[in-house]
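Undergrad: The structure under discussion is supplied below as structure tokens; questions concerning it will follow.
Number of protein chains: 2
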Amino acid sequence: MSAIEFSDHDHAACMRSTMQAAEAQCAARGLRLTPVRRRTLEILLAEHRALGAYDLLARLSEEGLGTQPPVAYRALDFLVKAGLAHKIEALNAYVGCVQPGEDHAPAFLICRGCRSVAEAETKPAQSRLGEAARAAGFRIERSVVEAEGLCPACQESDA
Amino acid sequence: MSAIEFSDHDHAACMRSTMQAAEAQCAARGLRLTPVRRRTLEILLAEHRALGAYDLLARLSEEGLGTQPPVAYRALDFLVKAGLAHKIEALNAYVGCVQPGEDHAPAFLICRGCRSVAEAETKPAQSRLGEAARAAGFRIERSVVEAEGLCPACQESDA
DNA sequence: TTCGGTATTGATATATTATAACAGGGGTGT
DNA sequence: ACACCCCTGTTATAATATATCAATACCGAA
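Listed in order, the protein sequences are those of chains W and X.
Letter by letter, the first sequence follows residues 1 to 159 of full-length UniProt numbering.
Letter by letter, the second sequence follows residues 1 to 159 of full-length UniProt numbering.
See below:
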């Protein structure tokens, strides 16, 4: 993994292929990527940034796709459950998943400067925590791994 | 680490020694453990559970220590900044720290059954994430590592 | 095709979590 | 006494999230 999110890349192609993968996922699993959901995913993927539910709602609302909070939350819930987006707990915000489908336990690098988010992979029983859990007889169902800091670009403008 | 939080232990002694450590910390660092702050810490430590700010406020309020949200949030901010308590991002709730003073990057095991929280230790550049960060030139300032699941006791009552 | 069930959307209201802003009090050092 | 800083009290409001119910759209079975 190379944190493509912080690098220059052909973002148009990046979005296209991610959307295709998302559609393939939905088709394969009998999930319905309705207009609001699809547009929500596009908005999240448009930048590799975390977006609050109300920011998202504002965008949807501009496009006539709904004006009330449940619209945004329902779309986000769907995407998160489908593994097409992730919630960043440290920000109460949401980000599109760049590798949908892979059944993964993601970890995030979150820039406090520009709110960019890069997605990395955790190993199932990562580091000490897996050990500790096993030792304690704790059964892990979901894990949240998030690191906040500064991305390369923001380190420069900050320093 | 053995997740004492999920085990039977002499909790009265546990609280006493933790409070003492907290006081020592404050004394050493010139921080003021005022009545509200002290009581807040005691309430958090009374059980190894995550408590919402408003639950805490209700407790404080019963004891005549303040009735408005800022009372609770200010006390929590102080404790979190001082390293005497932690915020559980996945729950938007707070838990007392059982090893105050050690400058640590804690990881948590959170039971969704009883909301108990056990604190483990992460290694600074934990798992893949440290690697990924280094590779990407990302500077980590703070990390959130939380695992949700079922503690031993709740696995039994659940199954 | 029609029927019946399920998933989705629309809309209203409200719950939960958190912060801004400003006034007053109380100690400390000069 | 005074200036300063930290802490507290209070009011108001912001930001995040969910409950509920009615209406509609889709989908498979008969």
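The beta carbon of each residue, even a glycine, is placed where N, CA and C say it ideally should be.
Does the distance from the CB of V95(X) to the CB of V71(X) come in under 8 Å?
TA: Result no, Cβ atoms of V95(X) and V71(X) do not sit closer than 8 Å.
Undergrad: Quick one: what's got a C-beta closer than 8 Å to A90(W)'s C-beta in the same chain, skipping five residues either side?
TA: Excluding sequence neighbours, A90(W) sits near I110, E146 and E148.
Undergrad: For the segment 132-140 of chain W against the segment 129-146 of chain X, do three or more pairs of beta-carbon atoms, one drawn from each stretch, fall closer than 8 Å, so that the two count as touching?
TA: Taking 8 Å as the limit for Cβ pairs, the verdict is that the segment 129-146 of chain X does not touch the segment 132-140 of chain W.
Undergrad: Which residues in the same chain as V117(X) place their Cβ atom closer than 8 Å to its Cβ, once the five residues preceding and following it in sequence are excluded?
TA: Closer than 8 Å at the Cβ level, and outside the excluded window around V117(X), lie E5, H48, R49, A50, I88, V95, F108, L109, I110 and C111.
Undergrad: Looking at the unbroken alpha helix (DSSP H) that takes in H11(W), where does it start and where does it end?
TA: Where H11(W) is concerned, the enclosing alpha helix (DSSP H) stretches over H11 to R29.
Undergrad: Quick one: which chain W residues come within Cβ less than 9 Å of C151(X)?
TA: Ordered by position in chain W, the residues that pass the 9 Å Cβ test against C151(X) are A136, G137, F138 and R139.
Undergrad: Which residues in the same chain as T40(W) place their Cβ atom closer than 6 Å to its Cβ, once the five residues preceding and following it in sequence are excluded?
TA: Closer than 6 Å at Cβ, skipping near neighbours: A75.
Undergrad: For Y73(X), which residues of its own chain have a beta-carbon under 8 Å away from its beta-carbon, when the five flanking residues on both sides are left out?
TA: For Y73(X), where only same-chain residues beyond five positions count, the Cβ hits under 8 Å are A53.
Undergrad: So, helix, strand or coil for V117(W), using DSSP?
TA: Here V117(W) sits in strand by DSSP.
Undergrad: Is E102(W) close to chain X? Criterion is C-beta to C-beta, closer than 8 Å.
TA: No, its Cβ sits nowhere closer than 8 Å to a Cβ of chain X.
Undergrad: The alpha helix (DSSP H) spanning L76(W) covers which residue range?
TA: Counting along the chain, the alpha helix (DSSP H) containing L76(W) begins and ends at P69 to K81.
Undergrad: Helix, strand or coil, according to DSSP, for G149(W) in the structure here?
TA: In this structure, G149(W) counts as strand in the three-state DSSP scheme.
Undergrad: Looking at A128(X): is its Cβ nearer than 8 Å to the Cβ of K123(W)?
TA: The residue asked about is misnamed: residue 128(X) is Arg in this sequence, not Ala. Closer than 8 Å, so yes.
Undergrad: I need the boundaries of the beta strand (DSSP E) containing L56(X), first residue and last residue.
TA: Not the beta strand (DSSP E): L56(X) falls in the alpha helix (DSSP H), residues A53 to E62.
Undergrad: Could you compute how far the alpha carbon of Q25(W) sits from the alpha carbon of G83(W)?
TA: Cα to Cα, Q25(W) sits roughly 9 Å from G83(W).
Undergrad: Out of F78(X), A58(X), E156(X) and A93(X), which has the shortest C-alpha to C-alpha gap to G30(X)?
TA: Considering only alpha carbons, the answer is F78(X).
Undergrad: Tell me, please, whether the CB atom of R98(W) is closer than 8 Å to any CB atom in chain X?
TA: The sequence as given places Val at residue 98(W); Arg does not occur at that position. No, its Cβ sits nowhere closer than 8 Å to a Cβ of chain X.
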